[in-house]
Amino acid sequence: MLDFSFTEEQEYFRNMLREFAKEELLPNYTKWDREGTMPKHLWKKLGDLGVNGLRIPVEYGGSEADCVMTGIAAEEIGRGDFNLTYAVMLNSLIGEIINNHASEELKQEWLPQISSGEKIVGIALTEPAAGTDAAGIQTTAVYKNGVYVVNGEKSGISVATIGDAFIIFAKTNPELGNRGISAFICPAELPGVECKGYEDMGNIPIGRGSIYLNDVELPEKYLIGLENKGFSQVMNGFDLSRLLIGLQCVGAAFQSLDETIEHVKVRQSFGKPLAKYQAVSFPIVTHYTQLEMIKWQAYRGLWLRDQGLKHSKESASVKWLGPKCSQEAIHECLLLNGHYAYTKEMALEQRLRDVIGLEIGDGTAQANQMVIANDIIGKEFRSYERPAVTK
Ligand SMILES: Cc1cc2nc3c(=O)[nH]c(=O)nc-3n(C[C@H](O)[C@H](O)[C@H](O)COP(=O)(O)OP(=O)(O)OC[C@H]3O[C@@H](n4cnc5c(N)ncnc54)[C@H](O)[C@@H]3O)c2cc1C
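UniProt numbering puts the last residue of the sequence shown at 391; the count rises by one with no breaks.
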């Protein structure tokens, strides 16, 4: 049976979040960008609504929802405040990693605080010399007398300036290549951790920046899962975050289209509403069609994940096309709204800047196309070699 309908519970959740996004998020979306502040109280509000803990079990304060439900949250919050959707995406990704791989002690320490929105946790993989080629990270974690001594630099990290902790990746056995990478929870307050923000083009309230790790002594208990298995643990998580990012971007683009449709019905040119000109209505239709297709591919990927079926290539397809088509749609909306949309009076210029960030974050189009090529053409035809394993 093929069934594209959402359940009653999912529809209720969507309506509740759409109302919340319209009433409480949209009116202030540009405020945080203009002020350069992070609305931490909204992360708590998402905690109250059960959005932070969607992928966290009930026993740790979460709501243990499925991935489709999590996608609905990403799409609807994306309509109201694109940047706040980082909470949906990061908390789902990190909630799953901690829940699936960390010790009971770490679960009890972190999951309830992530669910409630009390604590913000980021994920730090990228380094100055290793982005797309994430296996090339150089940060090291050397085990000595019950602690891992961590040295390195993480760059481009979301919530770097506001995070209470980060899941960091470091080489515990450099000779094993990407199989020698381990994951740790690293509280931001530990001696030797220093976070510095960037002056970004968009996503301002997310506080992206670099994290410097100088002789940070991480107690052994902060290791997540098994030593040298960190890379495989997070790679599976990216299959979720990429689907959520697709919906986050599509949500922002649909909101822009809705606003633009209202505008072109009212705005007159040469004695007629703009909407009467096909040169205006057809671009709207083109973007609407593309976004609908990406949206359904995203929900299909989330459904596959809920069934425990393979979904890496679906996820990668949504990640490479979603942010791209969304920013193109928002750009078109900006033009159709005329010169006012070029001012900071309207949200469109900010949405455009914000969405472009996720054409890079969590893997560029090329990085995701590599995932699909590996699947449909074959890994033996990929352009890069993994370093030989010497042990
Ligand atoms: C808004 C935002 C949020 C982010 N948040 C996080 C975060 O929370 N945590 C984190 O760890 N990182 C984060 N990042 C970093 C992001 O994941 C990296 O920037 C991204 O993976 C690309 O790496 P890079 O910038 O080093 O580019 P590079 O890897 O140097 O790539 C540069 C260009 O070359 C292309 N390229 C590279 N290799 C190939 C190839 N083999 N074939 C074809 N093209 C190739 C890329 O697609 C890209 O266009 C974020 C970035 C942004 C912009």
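Ideal Cβ positions, reconstructed from N, Cα and C, are used throughout, including at glycine.
Which residue comes first and which comes last in the beta strand (DSSP E) that contains residue i?
i           : result
residue 140 : 140-144
residue 150 : 147-157
residue 122 : 121-124
Return the residue from the list the options that minimises the CA-CA distance to residue i.
i           : options               : result
residue 41  : 212, 55, 24 and 234   : 24
residue 329 : 131, 214 and 260      : 260
residue 78  : 66, 18 and 100        : 18
residue 6   : 226, 289, 87 and 72   : 72
residue 206 : 16, 347, 122 and 179  : 122
residue 357 : 92, 3 and 86          : 86
residue 200 : 384, 361, 307 and 214 : 361
residue 39  : 81, 2, 76 and 51      : 81
residue 316 : 165, 61, 181 and 372  : 372
residue 187 : 162, 303 and 67       : 162
residue 35  : 275, 203, 308 and 337 : 203
residue 103 : 233, 225, 174 and 22  : 225
residue 28  : 11, 83 and 66         : 83
residue 48  : 228, 63 and 195       : 63
residue 376 : 345, 347 and 311      : 311
residue 126 : 155, 147 and 115      : 155
residue 191 : 90, 198 and 216       : 216
residue 344 : 1, 30, 164 and 117    : 30
residue 325 : 339, 98 and 284       : 284
residue 306 : 195, 54 and 143       : 54
residue 290 : 277, 250 and 149      : 250
residue 93  : 175, 8 and 241        : 241
For ligand 1, is there any heavy atom lying closer than 7 Å to the beta carbon of residue i?
i           : result
residue 126 : yes
residue 208 : yes
residue 248 : no
residue 203 : yes
residue 360 : yes
residue 36  : no
residue 143 : no
residue 158 : yes
residue 133 : yes
residue 383 : yes
residue 123 : yes
residue 363 : yes
residue 357 : yes
residue 138 : no
residue 87  : no
residue 327 : no
residue 366 : yes
Whole-angstrom Cβ separation of residue i and residue j, contact assumed at under 8 Å?
i           : j           : result
residue 392 : residue 211 : Past the boundaries of the shown model lies residue 392; the chain is included only from 1 to 391, so the question cannot be answered.
residue 137 : residue 169 : 6 Å
residue 107 : residue 139 : 24 Å between Cβ atoms; not a contact.
residue 177 : residue 135 : 6 Å
residue 111 : residue 131 : Contact doesn't hold; Cβ gap of about 29 Å is too wide.
residue 349 : residue 341 : 7 Å
residue 88  : residue 58  : That pair is no contact at about 18 Å.
residue 151 : residue 223 : Residue 151 to residue 223, Cβ: 16 Å. No contact.
residue 244 : residue 70  : 6 Å
In the DSSP assignment, what are the bridge partners of residue i?
i           : result
residue 197 : 209
residue 183 : 169 and 224
residue 42  : None; residue 42 has no bridge partner.
residue 115 : Partner(s): none; residue 115 has no beta bridge.
residue 217 : 149
residue 268 : 273
residue 130 : 127
residue 229 : 181
8 Å is my cut-off, CB to CB: does residue i come that close to chain B?
i           : result
residue 295 : Included in the structure is just one protein chain, with no chain B present.
Which first and last residues belong to the alpha helix (DSSP H) in which residue i is found?
i           : result
residue 163 : Premise fails: residue 163 is in no alpha helix (DSSP H) and is neither H nor E.
residue 306 : 278-306
residue 85  : 85-101
residue 319 : 312-336
residue 352 : 348-357
residue 8   : 8-20
residue 68  : 67-80
residue 34  : 29-35
residue 341 : Looking at the DSSP string, residue 341 is not in any alpha helix (DSSP H), and its letter there is neither H nor E.
residue 370 : 365-376
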